[in-house]
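Q: Heads up: the first sequence runs through residues 14 to 874, numbered per my numbering. We put the CB at the ideal spot given by N, CA and C, even for glycine. First, the structure itself, so that you have it in front of you.
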Amino acid sequence: MSRTQSLIANQPEQRELRYDPKQIEEKWFAQWQADPALYAAEPHDSARKKFYVLEMLPYPSGALHMGHVRNYSIGDALARYMWMQGYNVLHPMGWDAFGLPAENAAIKNRVPPRQWTLKNIEHMKSQMKRLGFAYDWNREVATCLPEYYKWNQWFFLKLYEKGLAYRKKSKVNWCPECATVLANEQVVDGCCWRHEETKVELRELEQWFVATTRYAEELYQEIQKLEGWPDKVRTMQRNWIGRSEGALVDFKIDKIEAEAEAKTDDKITVFTTRIDTIFGATSVQLAPEHPQVARLIGGDAELRAKVDELIGEQGKAREAGDIGGIEKHGVFTGRFAINPFNQEKVPIWVANYILMDYGTGAIMSVPAHDERDYEFAKKYDLEMRVVILPRRVGEPPAEGEEEHALLPYTEKESLLINSGEFNELSNQEAIEKMSRYAEEHGFGKKTITYRLKDWGVSRQRYWGTPIPMLYCAACGVVPVPEDQLPVILPENAEITLQGSSPLSRMPEFLNVPCPKCGGQARRETDTMDTFVDSSWYFYRYTNPHLADRALDTPTVNYWFPIDQYIGGVEHAILHLIYSRFWTKFMRDIGLVRNDEPVTRLFTQGMVIKDGAKMSKNKGNVVSPDDMVARFGADSTRMYALFAAPPDRDLDWQEAGVEGVHRFISRIYRFVMRYAHVARETNAAAGGASAPLSPSARAIQRKLHQTIRRVTDDFQGRWHFNTCVAAIMEFVNELYSIDEEIAAGNFPAEVLADAQRRVVLLLAPFAPYVAAELWQALGEPDSILRHPWPEYDPALAKEDEIEYPIQINGKLRSRVSVPADSPEEFVRERALADEKVQAAANGKQMAKIIVVPGKLVNIVLK
RNA sequence: GCGAAAGUGGCGGAAUUGGCAGACGCACCAGACUUAGGAUCUGGCGGGUAAAACCGUGGGGGUUCGAGUCCCCCCUUUCGCACCA
């Protein structure tokens, strides 16, 4: 075996070993720019196994922030790792480029939104490139370009065709001062964000909706299949969809003389999840905005005023975002309804805790068994009747059980009383039987309600996808014919604070002939919610330049579903529900075959500094450009992975970036100092030949252990902080043999092998320096496509194990034994140990526990 | 109020299944090399002690030969939900 001795003479000058990220990164940056296909995925007929890794596309706000850097560093490390594992990796990037900030910038700086947006994209793209993220830029998508939003419009037509897009009146925020509609985010404490004194009004406008509720059941049920998603996100989606099983029951309104002529089907339909308690219903409660209220109170001005007050209270609470905080209030209408189960007359009230937009806006009130109803009934002294007992079927009655049964009725095992023919049934059984009874008698049925609402997609805004619809005086609503797409968003619009959408002030956009009758028609001037753009953009990446179709199905079928999606938890609900909806719709019109878009989802933590999220307001923003300029892209990225596990919040500490920079310097210096050894040593040898010196064996063992640790983390729980720590440990180990190498006593094969493999381990985290070192080691190929190093479990195995010896659970001594020693031998050695002997002196040994590979515990009495 | 996650040195964080608490990094201290550097290398670094003993993973109980890890109660922080009938 060759020794390092003869090779040391060629050691380069110390001066050359200074790690200069600027010089290295600029060199490779230039080289990578020259090869636009460097990170290209292979076509879908590739024989390789595919891997689609995706980070959430950014809004082009102007510059990257550290949250982006962290997000993309995670994705990039994974993409590079999968490349090295031999996968055909799709790793694209694009821009969520429509939205409000561009319009605000236009007003402020007098720059057209398109120009502002494209300039920002240009800049942020250059930042990403400089950071060395391995994106396939040939697949770049910007949602504000007609070649993309054309397909938003096409999808919209498809939704319309299938009856999934429809128009409905709906309330929007309106600032009288601006004379325009505000997005929810622009309403601050009920006032306009620009006119802090001006109350925002609610206006009814005709808006476009997408019927997401049509898919509510599937969206809900399939959450359980999303096993690669964080539980937190799954729970949030379940809550958001808010599925609830119950029943609808009709209460007839008791007629009064003045209404002798009234329709006989005059009724109030209530929604309840607890039909089993219906014999305990002692009133019916309506939401203040319930359509029946007006008829019930007739012309009574006093009642009207009281109801209006309730509406006001609800409105205020809703604005303050604390609908649960208001005190319960109500008004008796003076009218009664008839409980269809027992024909009992119960009073009809209007109450401020009943919400019109959930269920039917009407409930039966069961004060004995519902906390809210209880509170209300207490206040107005309404009757309470116990109908459920916390007693099992067949159990004998207990004394005073009815009084004790007030309220805590939620136990699974409980039974009915005071409920006519349903007495003595368990409440679960009663729910079934009573629902069926109601259905058979035609006054009710089982039903499921959802809190999920249809998606309002209209925005009275300029910078978005024009909704491809026309209004013709003769033909009504007319969709723009497919072959006339895209409806181009005019670029010369004047954006001001005045009036509604700028599009409505552009006659050349507004006025078009009706495609049906040829008469005068008017275009829809609303644009689409930008969540439409992000609902399907990841499909477009698979074939981004397709001119005649939104996507190519075979290509999509190869790549989908996305194997790994990475982004912030703030998108857990809207973006990810809309995306799931869109996928199901696409599947149902035959475009794709997957039911869900994303197999595995990862939500990374926030970037924090000085105890708060980085934000301009707090003045604690750290600029990625600044970090790159001072420490280099490699250090910046690696720190983002090293400072915390990726799912936790990350505390940005500049000294930590410096520490990583120091580490990269260390590995750089070491590898460069002995690079010539690797260049002049056969790579294939792998350092495995002949008996090795203890230090060479130690290096070899640690190397294989390190590869195992890093690989396991990529395959498993993604704790990149410990991956990096493992590599650091190994580099520390390398420094411990520095003198030995310099003295010429270290086997060159082992050294060369260690250098090559440690550089490969570094590649996903610090691609620039890895490329530089790889080249210095004399490797001609690109490190990106080089196979990930494998570890040999035999070489990773310890030869000796040092057992800690505990006495009564406290560490007292240690013994070293060969790794494969039988338990008996370990026990003997432990008992023979001097310190153990001394401690055991005169005491009785109760027990000795040997945990193979771990420790020995001796229990003395 | 309900639900989830978390709480470990001066700081960021390790300890994957109950088995040596504090890996790795930062900060700090000491030394080496020094035509001096915010460079590099070596060593130290939870508290405590002369050294030990001993005490230490938010607090209090428990299970166990052995608990940061499991069980019970409580406190704090963060996030989600919050009149959803």
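1) Is it buried or exposed, residue 84, if we count other Cβ atoms within 10 angstroms and call 16 or more buried?
2) Are there 16 or more other CB atoms within 10 angstroms of the CB of residue 372, so buried, or fewer, so exposed?
3) Take residue 580 and list the residues in its own chain whose beta-carbon comes closer than 7 Å to its own, dropping the five residues that flank it on each side.
4) Tell me, to the nearest whole angstrom, how far the beta carbon of residue 367 is from that of residue 300; I am working on the premise that it is less than 8 Å.
5) Select from 838, 492 and 106 the residue whose C-alpha is nearest the C-alpha of residue 537.
6) Can you list, in chain order, the residues of its chain with a C-beta nearer than 7 Å to that of residue 870? Leave out the 5 residues immediately preceding and following it.
7) Indicate the three-state DSSP secondary structure (helix, strand or coil) for residue 787 in the structure shown.
8) Figure out for me which residue from 474, 827 and 243 has the closest Cα to the Cα of residue 618.
9) Can you pull the DSSP bridge partners for residue 614?
10) Go through its chain and collect everything with a Cβ distance to residue 216's Cβ below 6 Å, but skip five positions before and after it.
11) Which term fits residue 713, buried or exposed, when burial requires 16 or more other beta carbons within 10 angstroms of its beta carbon?
12) Please name the residue, chosen from 389, 408, 376 and 428, that lies closest to residue 399 on a Cα-to-Cα basis.
13) Quick one: what's got a C-beta closer than 6 Å to residue 533's C-beta in the same chain, skipping five residues either side?
14) Just the C-alpha distance for residue 358 and residue 297, rounded to the nearest angstrom, thanks.
15) Compute the distance between the beta-carbons of residue 572 and residue 555, then report whether it is under 8 Å.
16) Using only CA atoms, which one of 182, 164, 655 and 94 lies nearest to residue 498?
17) Let me check understanding here. Comparing Cα to Cα, which of 46, 797 and 740 lies closest to residue 719?
18) Assuming residue 260 and residue 457 are in contact, meaning their beta carbons sit under 8 Å apart, how far apart are those beta carbons, in whole angstroms?
19) Using the Cβ count rule (16 or more neighbours within 10 Å means buried), how would you classify residue 354?
20) Would you kindly check if the distance between the Cβ of residue 761 and the Cβ of residue 877 is under 8 Å?
21) DSSP three-state call for residue 187: helix, strand or coil?
22) Given a cut-off of 8 Å on the beta-carbon distance, is the pair residue 688 and residue 789 in contact?
23) In whole angstroms, give me the CA-to-CA distance for residue 26 and residue 569.
24) Spell out the partners DSSP gives residue 219 in its beta bridges.
25) Span of the beta strand (DSSP E) holding residue 64?
26) Once DSSP output is grouped into helix, strand and coil, what is the label at residue 214?
27) Going straight from the alpha carbon of residue 162 to that of residue 501, what length do you get?
28) Mind checking whether residue 620 and residue 663 have CB atoms under 8 Å apart?
29) Return the CA-CA distance between residue 4 and residue 541, expressed in angstroms with no decimal places.
30) Give me, in chain order, the residues of the same chain whose beta-carbon lies closer than 6 Å to that of residue 803; leave out the 5 immediate sequence neighbours on both sides.
31) Taking three-plus beta-carbon pairs below 8 Å as touching, is the region 165-184 in contact with the region 115-127?
32) The beta strand (DSSP E) that contains residue 573, what's its start and end?
33) State yes or no: is the C-beta of residue 873 within less than 8 Å of the C-beta of residue 853?
34) Got a sec? Which residues, its chain only, sit under 6 Å from residue 45 by beta carbon, not counting five neighbours each side?
35) Is the region 583-600 close to the region 228-240, with three or more CB pairs under 8 Å?
36) For the region 597-649, list the beta strand (DSSP E) runs that are entirely contained and at least 3 residues long, ordered along the chain.
A: Taking the geometry as given:
1) Mapped onto the first sequence, residue 84 falls at position 71. With 16 or more other Cβ atoms within 10 Å, it is buried.
2) For the purposes of this step, residue 372 is identified with residue 359 of the first sequence, where counting begins at 1. Classification for residue 372: buried.
3) Locating residue 580 in the first sequence gives position 567, counting from the first residue. If we look at residue 580 and ignore the five residues flanking it on each side, its Cβ neighbours are 68, 69, 84 and 616.
4) Mapped onto the first sequence, residue 367 falls at position 354. Mapped onto the first sequence, residue 300 falls at position 287. Confirmed, about 4 Å.
5) Working through the first sequence from its first residue, we reach residue 537 at position 524. Among 838, 492 and 106, the Cα nearest to that of residue 537 is on 492.
6) Sequence index remark: in the first sequence, residue 870 carries index 857 (1-based). For residue 870, where only same-chain residues beyond five positions count, the Cβ hits under 7 Å are 819, 822 and 862.
7) One-based indexing of the first sequence puts residue 787 at position 774. Helix at residue 787.
8) Position 605 of the first sequence, counted from the start, is the residue given in the question as residue 618. Of the listed residues, the one whose Cα sits closest to residue 618 is 243.
9) Here residue 614 refers to the residue found at position 601 of the first sequence. Beta-bridge pairing links residue 614 to 578.
10) Reading the first sequence from its first residue, position 203 is the one you call residue 216. Closer than 6 Å at Cβ, skipping near neighbours: 185 and 187.
11) Looking up residue 713 in the first sequence gives position 700. Residue 713 is buried by the Cβ-count criterion.
12) What you label residue 399 is simply residue 386 of the first sequence in a count that begins at 1. Taking only the C-alpha atoms, the option nearest residue 399 is 428.
13) Residue 533 sits at position 520 when you count from the first residue of the first sequence. Contacts found: none.
14) Your numbering for residue 358 matches position 345 in the first sequence. Your numbering for residue 297 matches position 284 in the first sequence. Cα to Cα, residue 358 sits roughly 10 Å from residue 297.
15) As a working note, residue 572 is residue 559 in the first sequence. As a working note, residue 555 is residue 542 in the first sequence. For residue 572 and residue 555, yes; Cβs fall inside 8 Å.
16) Here residue 498 refers to the residue found at position 485 of the first sequence. Closest option to residue 498, Cα to Cα, is 164.
17) Here residue 719 refers to the residue found at position 706 when the first sequence is read from its first residue. Closest by alpha carbon: 740.
18) Position 247 of the first sequence holds residue 260. Position 444 of the first sequence holds residue 457. About 6 Å; that satisfies the 8 Å criterion.
19) One-based indexing of the first sequence puts residue 354 at position 341. Per the 10 Å Cβ criterion, buried.
20) Missing from the structure shown is residue 877; the chain here goes from 14 to 874 and no further.
21) As a working note, residue 187 is residue 174 in the first sequence. Here residue 187 sits in strand by DSSP.
22) The sequence position of residue 688 within the first sequence is 675, counting from 1. The sequence position of residue 789 within the first sequence is 776, counting from 1. Result yes, Cβ atoms of residue 688 and residue 789 sit closer than 8 Å.
23) Position 13 of the first sequence, counted from the first residue, corresponds to residue 26. Position 556 of the first sequence, counted from the first residue, corresponds to residue 569. Any reading at residue 26 must be qualified, since the residue scores a pLDDT of 47, below 50, and its modelled position is unreliable; no value is offered.
24) Along the first sequence, one-based indexing puts residue 219 at 206. For residue 219, which the question treats as bridged, DSSP gives the partners 182.
25) Here residue 64 corresponds to residue number 51 of the first sequence, with the count starting at 1. Taken as a continuous stretch (DSSP letters only), the beta strand (DSSP E) holding residue 64 covers 63-68.
26) Locating residue 214 in the first sequence gives position 201, where the first residue counts as 1. The answer is strand: DSSP assigns residue 214 an E or B state.
27) Looking up residue 162 in the first sequence gives position 149. Looking up residue 501 in the first sequence gives position 488. For residue 162 and residue 501, the distance between alpha carbons rounds to 9 Å.
28) One-based indexing of the first sequence puts residue 620 at position 607. One-based indexing of the first sequence puts residue 663 at position 650. Cβ distance < 8 Å, so residue 620 and residue 663 count as in contact.
29) This structure cannot speak to residue 4, because the chain is shown only from 14 to 874.
30) Counting from one through the first sequence, the residue named residue 803 turns up at place 790. If we look at residue 803 and ignore the five residues flanking it on each side, it has no Cβ neighbours.
31) no
32) The residue you call residue 573 lines up with position 560 of the first sequence. Per DSSP, residue 573 belongs to no beta strand (DSSP E) and is neither H nor E.
33) Sequence index remark: in the first sequence, residue 873 carries index 860 (1-based). Sequence index remark: in the first sequence, residue 853 carries index 840 (1-based). Yes, these two residues count as a Cβ contact at 8 Å.
34) The count along the first sequence starts at 1 and reaches residue 45 at position 32. Cβ neighbours of residue 45 beyond the five flanking positions: 51.
35) yes
36) 611-617 and 620-622
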